[in-house]
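**Q** Going down the list, the sequences are from chains A and B.
Sequence positions in the first sequence follow this note's numbering and run 1 to 386.
Sequence positions in the second sequence follow this note's numbering and run 387 to 678.
Yeah, the Cβ is synthetic: ideal placement off N, Cα and C, and Gly gets one too.
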Amino acid sequence: MSIQRATVVGGLAALAGAVAFAGCGGSDNKTSGSSSDPIKVAIVQPYTGDSAYYGEQADQAFALAMKHSGSKIGSRPIKLIKGDSKCQPAVAVQATNQLLTEKPAAVLTSACSGDTLAIKPLLSARKIPVCSINFASEITGGKDGDYMWRAEPSGAIINAQLAKHIAAEGVRRIAVIHDTSSYGQDNTKTLVKALKDNGVDVTTVASYGFTDTDYSGQILKAKKANVDAIHVEGYDLQIGHLIKQIRQLGLKLPIYATADAGNNTAKEAGGEAMEDVVFATSWLPNWIPAATKFTDAWKKEYNTTPALVMSNFYDCASVLISALKAAGPDASSDELNEALKATNLPDMPSGTVAFDQQHERANPPVMLGTYRNGKPVLTKVLSGSK
Amino acid sequence: MTTLFETLLSAIAAGAVYGLLGVGFSLTYKTTGIINFAHGNFAILGAFVAYALIDMGTPLVIAMLGGIAAAGIAAGVMERAILRPLYGRPLIAGILVTVGVAVVIESSTQLIAGSVPRTLPSLASTDAWQIGSLSFSPSQLTILLVALAVSVAIVLYVSRTRTGRAMRGCAQDSEAVSLLGVSPQRLYFAAFVLAGLLAGIAGVLIAPSIGLVPSRGLSLTVLAFAAAVLGGLGSLPGAVLGGIVIAVLQNLAAVYVTTDYAAAVGYLAIILVLLVRVRGLLGDELETLRQV
């Protein structure tokens with residue numbers, strides 16, 4: 001081959017390479033592709049470790065949502081790609097970076113707030129819309145919040161309503177016992193502020209570790225403070241054991257708890273001690289007809305009674321599917337984001353799902369539940385629409 | 387004053403279980419020189435087996451006994467199949483192997499049982515008894531009595547029986563022990579099985595309070611290690627005392643100072659005690675010097 005021909009061929013090859021690589025990275029046209037290419041939706045959840053059940057529940061919820069809302073956008077099927085975050089922020093970042101190489105159109109983010117906060121900047125930089133069910137305050141807003149949408153009320157919103165209720169019940173002095181996870185500390189901060197804003201004296205704030213084997217120190221600290229009520233915060237297993245030990249140590253005063261107290265795990269752990277415990281939540285299995293319908297569908301599909309988090313995952317999955325359909329099979333990420341902004345889904349298990357200007361759940365459902373004869377029952381709806 | 391009594395009572399009940407964990411941990415160390423990092427996992431394994439048996443309709447006490455037996459068997463299998471080929475090699479090999487066994491037990495349990503936390507029923511009622519203004523529950527009392535009784539029984543066994551005394555001598559000088567007509571390898575096996583049974587008992591006692599989560603094994607191993615070290619590694623009465631001291635210090639710190647660092651107080655105490663008294667609270671002075 002002559003030098004001139006080689007130069008021309010080499011130049012054409014370089015040009016072809018430049019054209020081929022031009023489409024890689026940096027583009028925000030995540031749903032583009034041929035009419036048969038799947039639209040990828042990433043699910044970042046713990047699939048191994050102590051919180052692995054969240055991953056399983058997220059998968060189940062998305063499968064059920066696709067069954068009800070469809071699994072195709074136009075002619076393009078939805079394909080779920082999964083990353084194991086192990087409920088550890090550093091691992092979540094690693095898993096998300098791996099998923100990003102597959103250019104997902106949207107993400108259903110981890111049930112663990114720490115994971116979501118860790119991957120929020122990554123997803124924002126790629127302009128990938130995200131649906132979250134987390135309680136932590138910083139999930140939405142901030143410089144990386146343009147593409148983050150929270151489908152469930154934040155802990156701050158729930159706590160504001162709960163604090164008002166606690167004050168209205170005549171509680172003047174309260175002890176708060178919480179776990180030391182980032183979720184626990186954040187939730188406690190908003191609750192304590194809300195209680196103080198409503199004139200309730202938070203005399204004792206006691207913390208416990210996730211792996212603690214005994215809570216008597218924390219409980220006796222609260223008992224020593226001679227309070228009118230106790231609020232307990234944590235994951236379902238810990239809440240159940242904490243409440244059981246509170247009663248075991250002879251404390252008969254009212255107990256308030258976070259939403260996890262409504263889970264079956266908490267009920268099993270706490271046993272009879274859970275009777276009359278009041279927990280603030282954004283969902284109960286039979287609070288509205290749509291919730292009953294969802295509960296029955298879940299039981300039929302998976303042979304278990306759904307808990308709050310399954311309903312949350314289902315809401316998020318339905319929101320993402322609805323937005324993908326509204327935006328169309330070839331939408332850009334900004335178009336998908338606009339579709340999420342315009343979401344208005346009635347008859348969801350938690351009521352009508354829509355978002356406000358802050359990307360938070362509009363008209364958030366907040367209600368109080370308790371246990372009567374071992375079953376969770378609705379006692380009062382504090383806010384929210386059906 | 388009522389609060390102080392309740393604080394101490396609750397702590398002693400919890401500490402008795404920590405001590406029981408420490409006794410098993412110290413026993414294997416005393417006999418074989420091996421620090422068994424899978425000790426807490428045997429406790430969790432026993433509790434999970436008990437849960438599985440209950441799920442199959444087995445009465446509670448029998449299910450718990452089944453779980454305890456399973457923990458002992460698992461520990462015996464580990465000694466026979468995995469540790470025995472390593473005798474004669476540096477001790478570190480055996481210690482590292484127990485780390486691997488811990489990981490295997492945790493992963494296997496999670497694979498079989500899943501990750502949704504389970505609850506084991508208590509042996510006794512958790513309803514509060516009121517004695518004046520003092521509150522205590524039958525469950526706490528049962529845990530305290532069973533843990534202490536078992537610990538005392540093991541301490542007496544090791545100190546007063548021929549096999550027990552041979553176990554004590556084994557880690558120091560296995561040749562001397564074999565000259566006395568006792569097989570060191572049989573003693574190692576017996577020590578691990580006994581320690582596994584103790585771990586199983588601790589597991590079924592503590593599981594109703596903490597739940598069944600496969601990954602809790604490590605935290606129980608840490609508790610066992612802490613109790614054993616504070617009491618004097620190799621000292622069985624020391625391990626019982628160490629467990630109780632840790633629980634009492636943590637509870638007193640939680641109630642009267644702050645809960646934020648209460649868990650650390652117990653471990654800080656270990657550091658301080660060892661700085662002043664390297665053999666721990668009741669450890670053997672000569673044995674400690676020999677090791678140093």
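1. So what does DSSP say about residue 298 of chain A, is it helix, strand or coil?
2. Does residue 368 of chain A come out as helix, strand or coil in the three-state DSSP assignment?
3. Mind reading off the beta-carbon distance from residue 670 of chain B to residue 618 of chain B? Whole number of angstroms is fine, and I expect it under 8 Å.
4. With DSSP collapsed to three states, give me the class of residue 348 of chain A.
5. Measure from the alpha carbon of residue 655 of chain B to the alpha carbon of each residue in B/461, B/642 and B/634, then state which is nearest.
6. Is the stretch 177-189 of chain A touching the stretch 207-221 of chain A in the sense that three or more CB pairs, one from each, lie closer than 8 Å?
7. Work out the CA separation of residue 404 of chain B and residue 533 of chain B for me, nearest whole Å.
8. Give a yes or no on contact between the stretch 576-587 of chain B and the stretch 366-383 of chain A, applying the rule of three or more CB pairs nearer than 8 Å.
9. At the 9 Å Cβ level, is residue 53 of chain A part of the contact set with chain B, yes or no?
10. For chain B, find out if any of its Cβ atoms is closer than 9 Å to the Cβ of residue 373 of chain A; answer yes or no.
11. Note down, in chain order, every chain A residue with its Cβ under 7 Å from the Cβ of residue 686 of chain B.
12. For a cutoff of 9 Å on Cβ pairs, would you count residue 26 of chain A as touching chain B?
13. Taking residue 59 of chain A and residue 92 of chain A to be in contact with their CB atoms under 8 Å, please state how far apart those CB atoms are, rounded to whole angstroms.
14. Counting Cβ pairs closer than 8 Å, one from the stretch 594-612 of chain B and one from the stretch 396-412 of chain B, do we hit at least three?
15. Which of the three DSSP states is assigned to residue 669 of chain B in this structure?
16. Shorter than 9 Å from the beta carbon of residue 663 of chain B to some beta carbon of chain A?
17. Mapping DSSP to helix, strand and coil, what is residue 473 of chain B?
18. Can you list, in chain order, the residues of its chain with a C-beta nearer than 6 Å to that of residue 113 of chain A? Leave out the 5 residues immediately preceding and following it.
19. Write down every uninterrupted run of the beta strand (DSSP E) in the stretch 78-122 of chain A whose length is 3 residues or greater and which is fully enclosed by it, in chain order.
20. Could you compute how far the alpha carbon of residue 321 of chain A sits from the alpha carbon of residue 349 of chain A?
21. So that I know if they touch, is there some Cβ in chain B lying closer than 9 Å to that of residue 191 of chain A?
22. So, helix, strand or coil for residue 517 of chain B, using DSSP?
23. Name the chain B residues that come within less than 8 Å of residue 220 of chain A, Cβ to Cβ?
24. Would you please verify whether the beta carbon of residue 596 of chain B is less than 9 Å from any beta carbon of chain A?
25. Would a check of beta-carbon distances place residue 110 of chain A closer than 9 Å to chain C?
26. Using only CA atoms, which one of A/62, A/384, A/89 and A/34 lies nearest to residue 75 of chain A?
27. Leaving out the 5 sequence neighbours to the left and right, which residues in its chain are closer than 7 Å to residue 148 of chain A when beta-carbon positions are compared?
28. Can you pull the chain A neighbours of residue 441 of chain B, defined as C-beta to C-beta under 7 Å?
29. Find out if the Cβ-Cβ distance for the pair residue 108 of chain A, residue 294 of chain A is shorter than 9 Å.
30. Mind checking which residues open and close the alpha helix (DSSP H) that includes residue 602 of chain B?
31. Does the beta carbon of residue 241 of chain A sit closer than 9 Å to a beta carbon anywhere in chain B?
32. Please classify residue 201 of chain A: does DSSP put it in a helix, a strand, or coil?
33. Quick one: which residues of the stretch 208-219 of chain A get their C-beta closer than 8 Å to a C-beta of chain B? List them in chain order.
34. Rounded to the nearest angstrom, how far is the Cβ of residue 460 of chain B from that of residue 431 of chain B, given a contact under 8 Å?
35. Using a Cβ-Cβ cut-off of 8 Å (strictly less than) and excluding sequence neighbours within five positions of residue 488 of chain B, which residues of its own chain qualify?
**A** In this structure, then:
1. Counted from its first residue, the first sequence places residue 298 of chain A at position 298. Correct three-state label for residue 298 of chain A: helix.
2. Residue mapping note: residue 368 of chain A aligns to position 368 of the first sequence, counting from 1. Residue 368 of chain A falls in the strand class under three-state DSSP.
3. The count along the second sequence starts at 1 and reaches residue 670 of chain B at position 284. The count along the second sequence starts at 1 and reaches residue 618 of chain B at position 232. Beta-carbon to beta-carbon, residue 670 of chain B and residue 618 of chain B are separated by about 7 Å, close enough to satisfy the 8 Å threshold.
4. The count along the first sequence starts at 1 and reaches residue 348 of chain A at position 348. Strand at residue 348 of chain A.
5. Within the second sequence, the letter at position 269 stands for residue 655 of chain B. Of the candidates B/461, B/642 and B/634, the one whose C-alpha sits nearest the C-alpha of residue 655 of chain B is B/634.
6. yes
7. Translated into the one-based positions of the second sequence, residue 533 of chain B becomes position 147. Translated into the one-based positions of the second sequence, residue 404 of chain B becomes position 18. For residue 533 of chain B and residue 404 of chain B, the distance between alpha carbons rounds to 9 Å.
8. no
9. For the purposes of this step, residue 53 of chain A is identified with residue 53 of the first sequence, where counting begins at 1. At least one chain B Cβ lies under 9 Å of residue 53 of chain A.
10. Numbered from 1 along the first sequence, position 373 holds the residue referred to as residue 373 of chain A. By this cut-off, residue 373 of chain A is not an interface position.
11. No answer is possible for residue 686 of chain B: it lies beyond the span of chain B, which begins at 387 and ends at 678.
12. Residue 26 of chain A sits at position 26 when you count from the first residue of the first sequence. Model confidence at residue 26 of chain A stands at a pLDDT of 43, short of 50, so the residue's coordinates are unreliable; what they give is reported in the following sentence. No, residue 26 of chain A does not count as interfacial toward chain B.
13. In the first sequence, counting from the first residue as 1, residue 59 of chain A sits at position 59. In the first sequence, counting from the first residue as 1, residue 92 of chain A sits at position 92. Actually they do not touch by this definition, with Cβ atoms about 17 Å apart.
14. Taking 8 Å as the limit for Cβ pairs, the verdict is that the stretch 396-412 of chain B does touch the stretch 594-612 of chain B.
15. Position 283 of the second sequence holds residue 669 of chain B. Three-state DSSP puts residue 669 of chain B in coil, outside helix and strand.
16. The residue labelled residue 663 of chain B in the question sits at position 277 within the second sequence. False, the Cβ-Cβ gap to chain A never drops below 9 Å.
17. The count along the second sequence starts at 1 and reaches residue 473 of chain B at position 87. Strand at residue 473 of chain B.
18. The residue given as residue 113 of chain A occupies position 113 in the first sequence. Same-chain partners within the cutoff: 134, 136 and 183.
19. 106-108
20. For this step, residue 321 of chain A is matched to residue 321 along the first sequence. For this step, residue 349 of chain A is matched to residue 349 along the first sequence. Going from the Cα of residue 321 of chain A to the Cα of residue 349 of chain A covers about 16 Å.
21. Taking the first residue of the first sequence as position 1, residue 191 of chain A is located at position 191. Answer no: the Cβ-Cβ gap between residue 191 of chain A and chain B never drops below 9 Å.
22. As a first step, residue 517 of chain B is located in the second sequence; it is residue number 131 there, counting from the start. Note: residue 517 of chain B maps to strand in three-state DSSP.
23. The count along the first sequence starts at 1 and reaches residue 220 of chain A at position 220. By Cβ distance, chain B contributes 389, 392, 393, 396, 637, 640 and 641.
24. Reading the second sequence from its first residue, position 210 is the one you call residue 596 of chain B. Closer than 9 Å: yes.
25. As a matter of chain content, chain C is missing from the structure shown, whose protein chains are A and B.
26. As a working note, residue 75 of chain A is residue 75 in the first sequence. Nearest option by C-alpha distance: A/34.
27. Residue numbering aside, residue 148 of chain A sits at position 148 when the first sequence is read from its first letter. If we look at residue 148 of chain A and ignore the five residues flanking it on each side, its Cβ neighbours are 120, 130, 132, 139, 140 and 359.
28. For this step, residue 441 of chain B is matched to residue 55 along the second sequence. In chain order: nothing, as chain A lies at least about 12 Å away.
29. On the first sequence, residue 108 of chain A is found 108 positions in, with the first residue counted as 1. On the first sequence, residue 294 of chain A is found 294 positions in, with the first residue counted as 1. No.
30. Locating residue 602 of chain B in the second sequence gives position 216, counting from the first residue. Careful: residue 602 of chain B lies outside any alpha helix (DSSP H) and carries neither H nor E.
31. For the purposes of this step, residue 241 of chain A is taken as the residue at position 241 of the first sequence. Output row for residue 241 of chain A: interface = yes.
32. Locating residue 201 of chain A in the first sequence gives position 201, where the first residue counts as 1. Here residue 201 of chain A sits in strand by DSSP.
33. Only those residues of the stretch 208-219 of chain A whose C-beta falls short of 8 Å from the nearest C-beta of chain B are listed: 208, 209, 211, 212, 213, 214, 216, 217 and 218.
34. Your numbering for residue 460 of chain B matches position 74 in the second sequence. Your numbering for residue 431 of chain B matches position 45 in the second sequence. Correct: roughly 6 Å between the Cβ atoms.
35. Here residue 488 of chain B refers to the residue found at position 102 of the second sequence. Answer for residue 488 of chain B: 423, 424, 426, 427, 603, 604 and 607, listed in chain order.
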